Amino acid sequence: MTDQQKVYPVRDDIAANAWIDREKYQAMYQQSVDDPEGFWAEQAKRIDWFKAPTKIKHTTFDPHNVDIRWFEDGTLNASVSCLDRHLEKRGDQTAIIWEGDDPTDSKHVSYRELHAKTCQLANALKELGVGKGDVVTLYMPMIPEAAVAMLACARIGAVHSVVFGGFSPDALAQRIIGADSKLVITADESVRGGKHVPLKDNVDAALTRKGTEVCENVLVVKRTGGEIEWKEGRDVWYHDLVDKQATDCPAEEMNAEDPLFILYTSGSTGAPKGLKHTTGGYLVYASLTHQYIFDYQDGEVYWCTADVGWVTGHSYIVYGPLANGATTLMFEGVPSYPSHGRMGEVVDKHNVAILYTAPTAIRALMAHGDGVMDSSKRDSLRLLGSVGEPINPEAWEWYHRVIGNSKCPIVDTWWQTETGGIMIAPLPGAMDLKPGSATLPFFGVQPALLDSEGNELQGAVDGNLVISDSWPGQARSIWGDHDRFIQTYFSTYKGYYFTGDGCRRDEDGYYWITGRVDDVLNVSGHRMGTAEIESSLVAHEAVAEAAVVGFPHDIKGQGIYIYVTLGDGVEPTDELKKELTQWVRKDIGPIASPDVIQWAPGLPKTRSGKIMRRILRKIAANETDGLGDTSTLADPSVVDDLIENRAIK
Ligand code: 6R9
């Protein structure tokens, strides 16, 4: 409790220059909730429109009829706001600094070059028959072409669906099929930590799966020149097709509510959901939050270490920064290569002012001691950011003291794939910081805490975090399944958007996210549905039943703990544990790698057959003294066996 009460007041040097100070925050926040129409009409002017919107907000969370529209009569093209409009003033300014996996490899791409490359790819996409409304899947390394591909899709009105390069061929196939995607853009290989990952091979494997026939072409960036298979008629080299195209391409006039992208994310049940984000509201929201929360000042180098495969990469490597004319750094590698000092070295090399990373990365560095940052000075840093999971106060303090040399505010930003942009976070010139708290809501965001019956709780209290009214960055639907969208987010608490997170509000009104309250794990900041891992396991012939829970992990935040009941006559061997581990890695991807597998002769179930995960979570966390009520179990003796044979002693 004591460290939670520590307060870091707004720094004078930051407040002196910040976009938003305390008074301004109060006034703007008040207006944003009292008069959302007026507030957002004004904010919409920050991006370029073909036709400016006159209808601002048309939203309802009524579960019978969830309907979310912002700026619905406006027309625009996202790539124009991110590129064309900067050409006159900052055509020669660097838009993207690319830092390769190899520390001797980097390059600068100016706004003019980025515009030209985007137009070339846009023309190439047209030549491949891709047009407005078609879905293009990107399965790419962290190279400038990934941003170019997103913007090129936007330019012609195609919808991009970025799939994280660490996902398996099956996971990729599932997403190609789900989005009915006719083109995949990939690279021969990606490079991370000195190792090559066979992206093109994975695409080849994915496209052998039934249902992927919708995909007609694969456009391949040559990143390493590594050996790959080639399918004539289907595969096209990026450089062959793109380099010869004209460097201008008219931008398609899109409605504000036309889809900009789909992004898949895990939920508590079933297959991953493809969240649908639209154009106008998303861009206004990504750009506004980027400017104010990171207090971005013209000319600064800004570095978000996320992968473009996650929403953080969409909003805060590509769309937000580029809409704001920022210089955004894109890093191909990993923080631990060639040594653990790499992050600081990249900061020094490129004069990074703002660094936005994840608690898991901070904890991994912290484990090596303060000396891990000795190879860099990091004097250029002015502001730090955190995202992906709750940051424990200890990691917050270390981030502040060691990485930030005790002089940079930390903006702990709470948000989700579904929210499109940051929802709860400090504005560095306006809010005192408390390590571990995401502090206060951004403009237009109205959080509330509910008890399990759906009553709104007041004051300092713990509850389920919901949002009471729409904001422009909100996802509009689940691709192809609006009912599931309503079911997942709007049916638990009528009239509210349910986040799936638990949260505490303190006496100052500060929000402290406590983690998921549903069956979603957060492993190193990556969302994993327990249901997805379980269904992968039960597809293995040796497995009769499986239950997956999270457990506290020093670096990952949460680790994956698996209870497996084997089929009759199957021997529980260490070999089989290895095989199941490989199975899940292959099926979903390395991020779903089990940390612990425990053989479970039986699983604790209610009499109606529901697995009691609450008990399994306690056993995994070694909190077996407080198991709570086990009287509703069909067979309480299975619990004793599980405790006795706990896999981590
Ligand atoms: C942006 C992103 C969303 C879930 C979210 C929550 C957790 C993210 C957080 C945080 C506490 C923060 N989360 N940021 N928890 N403090 N600053 O991560 O999106 O991948 O969809 O994950 O991540 O549990 O519900 P996504």
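In terms of full-length UniProt numbering, the sequence shown is residues 1 to 649.
Where is the CB? At the ideal position from N, CA and C, for every residue including glycine.
Values in this document were obtained by computation on a predicted structure and should not be read as measured data.
Neighbourhood of residue i by C-beta, 7 Å cutoff - its chain only, sequence neighbours within 5 removed
i: Thr265; result: Pro272, Lys273, Leu275, Thr417, Arg527
i: His239; result: Lys222
i: Trp237; result: Val220, Lys222
i: Ala179; result: Val135, Thr137, Ser161, Ile262, Gly274, Trp479
i: Arg46; result: Val284, Ser287, Leu288
i: Asp3; result: Low per-residue confidence applies at Asp3: pLDDT is 46, beneath 50, and the placement is therefore not dependable, though the value from the model is reported in the following sentence. Contacts found: Pro393, Pro435.
i: Met373; result: Gly341, Gly344, Val402, Ile403
Distance between residue j and residue i (C-alpha atoms, nearest Å)
i: Lys132; j: Val184; result: 16 Å
i: Lys586; j: Ser168; result: 6 Å
i: Leu642; j: Lys618; result: 11 Å
i: Val523; j: Asp248; result: 42 Å
i: Gln174; j: Glu216; result: 16 Å
i: Leu521; j: Lys51; result: 43 Å
i: Leu172; j: Arg22; result: 46 Å
i: His340; j: Phe164; result: 23 Å
i: Cys408; j: Pro9; result: 12 Å
i: Arg614; j: Gln446; result: 30 Å
i: Lys6; j: Asp243; result: 55 Å
i: Leu449; j: Ala542; result: 43 Å
i: Ala251; j: Gly281; result: 18 Å
i: Ile20; j: Ile588; result: 43 Å
i: Leu433; j: Thr439; result: 7 Å
i: Pro103; j: Met330; result: 13 Å
i: Ser376; j: Thr328; result: 20 Å
i: Leu465; j: Trp415; result: 11 Å
Whether residue i touches residue j by CB criterion (8 Å)
i: Gln474; j: Thr419; result: yes
i: Gly100; j: Glu332; result: yes
i: Gln43; j: Val284; result: yes
i: Ser477; j: Phe490; result: no
i: Tyr337; j: Ser437; result: no
i: Arg378; j: Ile403; result: yes
i: Phe443; j: Met142; result: no
i: Thr565; j: Ala600; result: yes
i: Gly325; j: His86; result: yes
i: Ala647; j: Val596; result: yes
i: Thr413; j: Ala361; result: no
i: Pro390; j: Trp40; result: no
i: Ala592; j: Ile533; result: yes
i: Val346; j: Leu381; result: no
Sequence-distant residues of its chain with Cβ nearer than 6 Å to residue i (five each side left out)
i: Val538; result: Ala546
i: Glu257; result: Arg69, Glu72, Thr278
i: Met1; result: Caution is warranted here: a pLDDT of 44 is assigned to Met1, below 50, making its placement in the model unreliable, and the coordinate value is therefore given only provisionally. There are no such residues.
i: Lys107; result: Trp98
i: Val638; result: Gly602, Pro604
i: Arg90; result: Tyr111, Gly325
i: Thr60; result: Asp67
i: Asp469; result: Gln446
i: Leu121; result: Val148, Ala152, Val242
Where the alpha helix (DSSP H) through residue i begins and ends
i: Gln26; result: 22–34
i: Asn17; result: 12–17
i: Asn202; result: 199–206
i: Gln297; result: Premise fails: Gln297 is in no alpha helix (DSSP H) and is neither H nor E.
i: residue 651; result: The displayed coordinates of the chain run from 1 to 649. Any statement about residue 651 would go beyond what the structure contains.
i: Ser524; result: Looking at the DSSP string, Ser524 is not in any alpha helix (DSSP H), and its letter there is neither H nor E.
i: His482; result: 482–490
i: Gly178; result: 169–179
Range of the contiguous beta strand (DSSP E) that encloses residue i
i: Phe331; result: 327–331
i: Ser106; result: 106–110
i: Arg505; result: 497–505
i: Gly550; result: 543–553
i: Gln93; result: From DSSP, Gln93 is part of no beta strand (DSSP E); its letter is neither H nor E.
i: His160; result: 159–162
i: Ala353; result: 352–357
Own chain partners of residue i with C-beta closer than 8 Å, once the 5 adjacent residues on each side are dropped
i: Gly193; result: Asp101, Gly333, Val334, Ser336, Tyr337
i: Glu127; result: Leu241, Gln245
i: His196; result: Glu189, Ser190, Thr224, Gly226
Heavy atom of ligand 3 within 7 Å of residue i beta-carbon
i: Glu389; result: With respect to ligand 3, the structure shown offers nothing to examine, as its ligands consist of ligand 1.
Min CB distance residue i to chain B below 8 Å
i: Gly129; result: Included in the structure is just one protein chain, with no chain B present.
| Taking one C-beta from the region 352–363 and one from the region 454–464 each time, how about it: are there three or more such pairs within less than 8 Å? | no
| Should the region 311–323 be regarded as contacting the region 392–409, the criterion being three or more beta carbon pairs within less than 8 Å? | no
| task | Count the C-beta pairs between the region 102–121 and the region 288–296 that are closer than 8 Å, then say yes if the count reaches three, no if not. | result | No: the two stretches stay apart, fewer than three of their Cβ pairs being nearer than 8 Å.
| request: Determine contact between the region 227–236 and the region 491–500, defined as no fewer than three beta-carbon pairs at a distance below 8 Å. | output: No, the region 227–236 does not touch the region 491–500.
| task | Decide if the region 249–269 is in contact with the region 204–222; the criterion is three or more beta carbon pairs, one per stretch, under 8 Å apart. | result | no
| task | Take every Cβ of the region 566–576, pair it with every Cβ of the region 502–514, and state whether three or more of those distances are shorter than 8 Å. | result | no
| Using 8 Å as the threshold, is the region 423–442 in touch with the region 7–19, meaning 3 or more CB pairs across them? | yes
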